[in-house]
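Take 2 as the starting number for the sequence shown in the numbering used here and just add one per residue. C-beta atoms are modelled at their ideal positions from N, C-alpha and C, and glycine is treated no differently.
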Amino acid sequence: MTAQLPEASGSFGDKPQLTFPAGPAPEELEVVVLSRGDGPLVEAGDDLVVNYLGQVWGGQIFDNSYDRGSSINFPIGVGAVIGGWDQGLVGQQVGSRVLLSIPPHQGYGSRGMPQAGIKGTDTLVFVVDVVGVN
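Dropping the structure here:
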């Protein structure tokens with residue numbers, strides 16, 4: 002049986018709210034396109050522009066760009082961000098809203114990221130709006 006994934010409220014551009022299922026987090030990377038855009042495909046090496054919300058599975062929100070009112074950009078597919086982002090966002094279409102469930106080994110690893118309250122055993126869930134590429 003496939004692990005159930007959280008549900009995300011809102012549509013592209015809206016700050017999402019995640020509702021978590023009762024079951025355990027999936028052990029591997031899960032990528033679900035919540036709404037597909039009609040822009041170009043994201044390629045490895047692109048400078049990707051996104052809005053996102055990151056939350057520990059069943060726990061606290063540790064980061065989101067919606068409250069800051071500005072997107073972020075970074076090179077994708079080249080190891081500049083966590084592995085789950087590199088794997089889950091390359092190949093998506095600009096304008097898409099994507100839900101990523103990222104296990105620790107494709108997130109921050111066994112060390113976690115203590116300053117963000119992320120433990121080494123935490124599965125991370127992101128809702129990412131793919132705004133564009135530079």
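### Task
Report, in whole angstroms, the separation of the C-beta atoms of residue 20 and residue 31, which I expect to be a contact under 8 angstroms.
Rounded, the Cβ-Cβ distance is 16 angstroms, inconsistent with contact.
#### Entry: Rounded separation between residue 2 and residue 25 - CA only
Caution is warranted here: a pLDDT of 49 is assigned to residue 2, below 50, making its placement in the model unreliable, and the coordinate value is therefore given only provisionally. The alpha-carbon atoms of residue 2 and residue 25 are separated by roughly 12 angstroms.
### Task
Return yes when the Cβ of residue 133 is within less than 9 angstroms of the Cβ of residue 40, no when it is not.
Residue 40 places its beta carbon less than 9 angstroms from that of residue 133.
### Message
Quick check on residue 125: buried or exposed, where buried means 16 or more other Cβ atoms within 10 Å of its Cβ?
### Response
Per the 10 Å Cβ criterion, buried.
### Query
From residue 16 to residue 45, what distance separates their C-alpha atoms?
The alpha-carbon atoms of residue 16 and residue 45 are separated by roughly 26 angstroms.
### Task
Could you tell me which of 82, 64 and 57 sits nearest to residue 49, measuring between CA atoms?
When the alpha-carbon of residue 49 is set against those of 82, 64 and 57, the nearest one is in 82.
### Message
Taking the beta carbon of residue 56 as the centre, do at least 16 other beta carbons fall within 10 Å, making it buried, or is it exposed?
### Response
Under a 10 Å Cβ-count criterion, residue 56 is classified as buried, with 16 or more other Cβ atoms of the shown protein chains found around its own Cβ.
### residue 42 in three-state terms, based on DSSP
In this structure, DSSP gives residue 42 an extended state, which the three-state scheme calls strand.
### Task
Assign residue 127 to buried or exposed, taking buried as 16 or more other Cβ atoms, counted over all protein chains shown, within 10 Å of its Cβ.
Classification of residue 127: buried, given that the 10 Å Cβ count is 16 or more.
### Cα-Cα separation between residue 33 and residue 98, rounded to whole angstroms
Roughly 9 angstroms separates the two Cα atoms.
### Three-state secondary structure (DSSP) of residue 90
It is helical.
### Task
With a 10 Å radius around its C-beta and 16 neighbouring C-beta atoms as the bar for buried, classify residue 52 as buried or exposed.
By the neighbour-count rule (16 or more Cβ atoms within 10 Å), residue 52 is buried.
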